[in-house]
Amino acid sequence: MSIARRSLLTGSTAAVAAGALGTAGSAEAAGPARPGPEPLLARTPGRLGVPGVTGLHLQFGADPATEMTVSWISPCSVRRPQVRLGTHDGGTGSVVDAETRTYRDGLSREEVYVHHARLTGLRPDTTYLYSAGHDGTAPETGAFTTAPRGRTAFTFTSFGDQGAPNLRRAVTWPAGGAPSPSGRFPLYTSSQAGSPAAADIVAAVERVGPLFNLVNGDLCYASAAGLFGQDRVATWADWFIGNSRSTRLRPWMSCVGNGENEKGNGPLGLTGYQTYFTLPGPTGTDPETRGLWYAFTVGAVRFIGLANDDVAIQDTGDTYVRGYSGGAQRQWLERELKAARGNAGIDWIVVFMHHPMISSSRSGSGSDVGIRTAWGPLFDTYGVDLVLCGHEHYYERSLPVRGALPNEARTPVPVSTRTDVADTAKGTVHMIIGGGGNFATTQDDLFQEPKGRVVVDLAKETEGRHRKAIFVTEDAPWRAVQDRVHTHGFAAFDVDPGDHRTGRTRIHVTYYTFDGPYGDLTPVDTFTLERPRSDARH
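So the sequence shown is residues -29 to -1, 1 to 509, counted in mature numbering (1 follows the signal peptide of the UniProt record, and there is no 0).
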């Protein structure tokens, strides 16, 4: 039995809410659904050789108030994958069959099966209990709360660049760690990217208990695992198993980063990523780009996930894929932004993507003029409030910016110098939240003065597997706050809808660092975003 297969057969997290599910009530609708057995969790004795339920995770559907997808993975085909669903109210429950999608990894040739049960017709702002399973194994249980309708307070969290702790074997390196190819960082795990913080951040997020979490690309670095001769499938399994104590309770909505680009896995290297997740992408999308950009609404906030490798100049993935959408993503984004800003029910537009438009990193990838040129004018025209990124492995945020200088770097222009409050009706705030667990943290490698580096082109010569980037150094009047001390962290966003009388709405932001397996939290940066409610002008 391979290491990857063994990890999938044995790796499952402790079940939650099992007792409550024994008397769970009916979901108002979950389709396609049929009456379930009594009790709701009629456990099936395991059969030798049947894999357990592994890596249970949730994703919002197109309407987060009424739709949720429950997903899990297995190393082989299983019979009758399904989800049983109920509420606290009592009743019979519902049964929803799961769709199974597969891919075969281009390096190991292992086939992975991912089961997705789409739950529809749910009630807004309602907590549901569920179990997921298939014939011959005990189900795994979880719970989730659907999104609220309309202007309602809620909390979400965000980070990028997590990595996967090795759940299959202990790795002991010499004192000081073994050097990475770049010579700077120690290697901790099979994925060559995870650290103990990649596990601790899960407990830290659970301390906040958000409605959902945004993951801004570079999830588990399976591509790096392949580079170092490790099993990419096993690295994905490590990531899902380690995160399942949170992802079974709340959606982790992701965007794709360069770390998800895996050589040999489809024309864009993204077949694995697209198989593991069912994201509410636009209808009519080409199968090759399914789920790579999408949008959803929670309360009065429109969230938009983008795929920056389509427009970024820098060469950082397993394969160079710039321009793969042929402009389709930009056209879709403009339609989304125009519709959101014209909707009286939407106050906020939040974009999450991987590569940043602002960065003070001295030796990392920095900012990218390709992204600034492609997205920046749209963010300005339609008044995007907040942009969340990863890619650089530290924390930084900008002042609100609007427009760009007519220089080679297209430097964003700040509209205010306040760092405690930002009026996002006047400018967009950008945040880098790239300390999600990756070992290669760079908080100690930032420009002390307000400077930044911007990728403006690629050289003909290569550096390792990639073409070298050509940078220009810019003054950074946009810079607001850096964290030069803490290696890892995430941000929590408390949405305050305000009221029609005052006509203002706010998001209170706290960036936390965390420590230890219990996710002890320490606030590092706090500030407030505010803007007029859109119903005040209609």
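C-beta atoms are modelled at their ideal positions from N, C-alpha and C, and glycine is treated no differently.
- Glycine 243: member of the alpha helix (DSSP H) spanning 242 to 247, first to last residue.
- Assigned with DSSP and collapsed to three states, isoleucine 284 falls in coil, not helix or strand.
- When only Cα atoms are considered, threonine 58 and histidine 87 end up about 20 Å apart.
- Judged by their CB atoms, serine 336 and methionine 328 are not nearer to each other than the 7 Å cut-off.
- Residue range 491 to 503 is occupied by the beta strand (DSSP E) that includes proline 503.
- Rounded to whole angstroms, the gap between the alpha carbons of leucine 376 and valine 384 is 7 Å.
- Assigned with DSSP and collapsed to three states, aspartate 60 falls in coil, not helix or strand.
- By the neighbour-count criterion, in which 16 or more other beta carbons inside 10 Å mark a residue as buried, histidine 471 falls on the exposed side.
- Taking every protein chain shown into account, the CB of arginine 450 has 16 or more other CB atoms within 10 angstroms, so this residue is buried.
- Among the bridge pairs identified by DSSP, threonine 476 is matched with Arg502.
- Take the alpha-carbon of threonine 73 and the one of alanine 380: they are about 42 Å apart.
- When the beta-carbon positions are compared, glycine 113 and leucine 241 stay at least 7 Å from each other.
- With distances taken between CA atoms, aspartate 428 lies nearest to Arg293 out of Phe199, Ala103, Arg293, Thr206.
- Around the CB of glutamate 420, fewer than 16 other CB atoms lie within 10 Å, so the residue is classed as exposed.
- Inter-segment contact for the region 308 to 315 and the region 338 to 347 is absent: fewer than three beta-carbon pairs are separated by less than 8 Å.
- When DSSP states are grouped into helix, strand and coil, glutamine 414 belongs to the coil group.
- Every unbroken stretch of the alpha helix (DSSP H) spanning 4 or more residues and falling wholly within the region 299 to 326 is given here in chain order: 299 to 312.
- Closest in C-alpha terms to alanine 69, from the list Asp106, Arg75, Trp319, comes Asp106.
- Straight through space, the alpha carbons of serine 42 and valine 466 are spaced by roughly 28 Å.
- Unbroken beta strand (DSSP E) runs of no fewer than 3 residues, entirely contained in the region 427 to 478, are found at 437 to 446, 450 to 454, 461 to 467, following chain order.
- When DSSP reads this structure, serine 338 sits in a beta bridge with Val425.
- The beta carbon of glycine 77 is closer than 6 Å to those of Gly235, Asn236 in its chain, skipping five residues each way along the sequence.
- Distance from the Cα of tyrosine 353 is smallest, within the candidate group Ser65, Leu304, Gly270, for Leu304.
- In this structure the region 164 to 174 does not lie against the region 498 to 505, because fewer than three pairs of beta carbons, one per stretch, are closer than 8 Å.
- Per DSSP, the beta-bridge partners of glutamine 53 are Asp68, Gly104.
- With fewer than 16 other CB atoms across the displayed protein chains lying within 10 angstroms of its CB, tyrosine 489 is exposed.
- Residue environment: valine 83 is assigned as buried (16 or more neighbouring CB atoms within 10 Å of its CB, all protein chains considered).
- Buried is the label assigned to isoleucine 478, since at least 16 other Cβ atoms lie within 10 Å of its Cβ.
- Following the DSSP letters along the chain, one finds leucine 359 inside the beta strand (DSSP E) bounded by residues 357 to 360.
- Counting other Cβ atoms within 10 Å of its Cβ, arginine 436 stays below 16 and is therefore classed as exposed.
- Taking a 10 Å sphere around the C-beta of glutamate 233, we find 16 or more other C-beta atoms and assign the residue as buried.
- If you compare the alpha carbons of Ala411, Arg273, Ala315, Ile44 with that of leucine 357, the shortest gap goes to Arg273.
- As the crow flies, the alpha-carbon of serine 79 is around 10 Å from that of glycine 200.
- In the three-state reduction of the DSSP assignment, glutamate 367 falls in the strand class, which pools E and B.
- Counting only the Cα atoms, valine 372 lies some 5 Å from glycine 398.
- CA-to-CA, the gap between arginine 51 and phenylalanine 350 works out to about 45 Å.
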